[in-house]
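Enquirer:
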Amino acid sequence: MVCYYETELGRVYIGADIVRAVIAPEIAKSRYFRPMNYVVADKPEEQDLRQLERGIQVESEDGRVVAKVHVEAQYGIPINKEAEALAGDIRQALKVSTGLEVANLIVNVDGVYPAPSEPNARKARRGGRR
Amino acid sequence: MNTLRWLIHLVLVAYFIVLAIVMFTLGTSHRVSHAAHEWVWRQAATEGTPWHPERRLAYGAGAILLILGALTAATLPRRDRRGDVLTYSQEGTEVRIARRAVEDFVSKLGKEIDGVSDMSCWIAAKNDWIQVNVHVSVDVGRVAIPSACQAVKATLEREMRETLGFPNVGEVTVQVSRLAQTGPRARARKGEETLPAGEESYSYTPPPET
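Next up, the structure:
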């Protein structure tokens, strides 16, 4: 599955792997979403990005990206708002890094994982995303 | 589209199975076996082969059809293992929340409400509308059932709107399915603790028989 866009010099094709590689760090950066059954490495440089890419499906619709992201959400966050924020970040990253346009972006919340045990973590998180 | 694929597969499986049954019946039917009998006896006497070619053909075709049926059944489109999803979308971004995620969320939410435990739910949802039916255990030693139900109902309605983002929350039904007994009154009843002064006991003494 190849996505593409037109330039004055011709068409630029970008593979689905590249699109996935651009989307994965955005999920990793997100504080409130992670892929299903995600194992966090001790050091960030040891983090397996392929694990992140596993839950991302990329298709093409007239060259534009149709992406489906499977994640689980942290318990206590306003899921709809945070999911929309994540979608906005992914859209922006794709636009900036690859120049591709997103036709449809589906954030599929498949589960809820417990929040780290902080006092009043639930109330504190209601304010903002990052 | 998925339903159509399911139907086509099911029709194919049924077709193969029926044909296989027909073939096996033909193989054992009187007409074939009658002709086969003589042949079998003749053949058994000369070469020791008990299988008539017609019968062999029928059984072979039946077996092949059965295998085809099994293969078609094995490739039936699977249901998405992630379960049903509750969807709402805005300007090219679609947020889908799996039913399992909502159930997880509700069970975790149950632990935060005072006097309530083991909250499980049944959900009906369509587009941005959701209806929730929950089963809860209420600790009667700590809270009264009406106030626990009220708290559950209010919390659920609020969280469905604010956290999960369903603008249209339908009826929220609370069903008390169990009584958890961990409060001071329950412990006092078991003899583990004395009730504070002024608290009445729940113990019941039957009237003396006359």
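As given, the protein sequences belong to chains A and F, one line each in that order. FYI, in our numbering the residues of the first sequence are 1 to 130. FYI, in our numbering the residues of the second sequence are 131 to 340. Where a beta carbon is used, it is the ideal one built from N, C-alpha and C, also for glycine. Model, not experiment: these values are computed from the prediction.
Let me know the beta strand (DSSP E) ranges lying completely inside the segment 9–93 of chain A, each 3 residues or longer, listed in chain order.
Expert: Correct list: 10–15, 56–61, 64–74.
Enquirer: Using a Cβ-Cβ cut-off of less than 7 angstroms, give me the residues of the segment 278–300 of chain F that come near chain A, in sequence order.
Expert: Correct list: E292, T293, L294, G295.
Enquirer: Flag this pair as yes or no: are the beta carbons of A/A73 and A/V109 separated by less than 8 angstroms?
Expert: For the purposes of this step, residue 73 of chain A is identified with residue 73 of the first sequence, where counting begins at 1. For the purposes of this step, residue 109 of chain A is identified with residue 109 of the first sequence, where counting begins at 1. For A/A73 and A/V109, yes; Cβs fall inside 8 angstroms.
Enquirer: Using beta carbons (cut-off 8 angstroms, strictly below), is F/G240 in contact with chain A?
Expert: Indexing the second sequence from 1 puts residue 240 of chain F at position 110. F/G240 does not count as touching chain A.
Enquirer: Given F/I275, which residues of its chain have a CB within under 7 angstroms of its CB, disregarding the five upstream and five downstream residues?
Expert: Position 145 of the second sequence, counted from the first residue, corresponds to residue 275 of chain F. Excluding positions up to five away in sequence, the list reads V268, V306.
Enquirer: Mapping DSSP to helix, strand and coil, what is A/I106?
Expert: Taking the first sequence and counting its residues from 1, the one referred to as residue 106 of chain A is at position 106. A/I106: strand per DSSP, three-state reduction.
Enquirer: Provide the residue span of the beta strand (DSSP E) that contains F/I227, from first to last.
Expert: Numbered from its first residue, the second sequence carries residue 227 of chain F at position 97. Where F/I227 is concerned, the enclosing beta strand (DSSP E) stretches over 223–228.
Enquirer: From this set, A/Y4, A/L9, A/V39, which residue's C-alpha is nearest A/R54's C-alpha?
Expert: By one-based count along the first sequence, residue 54 of chain A stands at place 54. The candidate whose alpha carbon is nearest that of A/R54 is A/V39.
Enquirer: Among the candidates A/V22, A/L100, A/R11, A/A93, whose CA atom is the shortest distance from the CA of A/I56?
Expert: Counting from one through the first sequence, the residue named residue 56 of chain A turns up at place 56. Of the candidates A/V22, A/L100, A/R11, A/A93, the one whose C-alpha sits nearest the C-alpha of A/I56 is A/V22.
Enquirer: With a Cβ-Cβ cutoff of 8 angstroms, do F/E292 and F/V302 count as a contact?
Expert: By 1-based counting over the second sequence, the position of residue 292 of chain F is 162. By 1-based counting over the second sequence, the position of residue 302 of chain F is 172. Not in contact: F/E292 and F/V302 (Cβ atoms no closer than 8 angstroms).
Enquirer: For F/K241, does the three-state DSSP call read helix, strand or coil?
Expert: The sequence position of residue 241 of chain F within the second sequence is 111, counting from 1. DSSP places F/K241 in coil when its eight states are reduced to three.
Enquirer: Count the other C-beta atoms from every protein chain shown that fall within 10 angstroms of the C-beta of F/G199, then say buried if there are 16 or more, exposed otherwise.
Expert: Here residue 199 of chain F corresponds to residue number 69 of the second sequence, with the count starting at 1. Its Cβ being crowded by 16 or more others within 10 Å, F/G199 is buried.
Enquirer: Rounded to the nearest angstrom, what separates A/G76 and F/E242 at their Cα positions?
Expert: Indexing the first sequence from 1 puts residue 76 of chain A at position 76. Indexing the second sequence from 1 puts residue 242 of chain F at position 112. Answer to the nearest angstrom: the Cα atoms are 11 angstroms apart.
Enquirer: Closer than 8 angstroms, Cβ to Cβ, to anything on chain F: give me those residues from the segment 100–117 of chain A, in chain order.
Expert: Correct list: V102, A103, N104, L105, I106, V107, N108, V109, D110, G111, V112, P114.
Enquirer: Quick one: grab the DSSP three-state call for F/V282.
Expert: In the second sequence, residue 282 of chain F corresponds to position 152, counting from 1. Of the three classes helix, strand and coil, the one that applies to F/V282 here is helix, per DSSP.
Enquirer: Between F/F154 and F/G192, how many whole angstroms is the CB-CB distance? I'm expecting something under 8 angstroms.
Expert: Working through the second sequence from its first residue, we reach residue 154 of chain F at position 24. Working through the second sequence from its first residue, we reach residue 192 of chain F at position 62. Their Cβ separation, rounded to whole angstroms, is 4 angstroms, which keeps F/F154 and F/G192 in contact under 8 angstroms.
Enquirer: Can you list the residues of chain A that F/V225 reaches, using a CB-CB cut of under 9 angstroms?
Expert: Position 95 of the second sequence, counted from the first residue, corresponds to residue 225 of chain F. Correct list: I79, N80, A83, E84, A87, I106, V107, N108, V109.
Enquirer: How far does the beta strand (DSSP E) with F/R308 in it extend, from its first residue to its last?
Expert: The residue you call residue 308 of chain F lines up with position 178 of the second sequence. Start and end: 298–310.
Enquirer: What residue does the alpha helix (DSSP H) around F/T202 start on, and which one ends it?
Expert: Locating residue 202 of chain F in the second sequence gives position 72, counting from the first residue. From DSSP, the alpha helix (DSSP H) with F/T202 extends over 183–204.
Enquirer: Please classify A/L49 as buried or exposed, where buried requires at least 16 other C-beta atoms within 10 Å of its C-beta.
Expert: Here residue 49 of chain A refers to the residue found at position 49 of the first sequence. By the neighbour-count rule (16 or more Cβ atoms within 10 Å), A/L49 is not buried but exposed.
Enquirer: To which residues of the same chain is A/R130 closer than 6 angstroms at the C-beta, ignoring the five residues directly before and after it?
Expert: As a first step, residue 130 of chain A must be located in the first sequence, where it is residue number 130. Model confidence at A/R130 stands at a pLDDT of 40, short of 50, so the residue's coordinates are unreliable; what they give is reported in the following sentence. Closer than 6 angstroms at the Cβ level, and outside the excluded window around A/R130, lies no residue.
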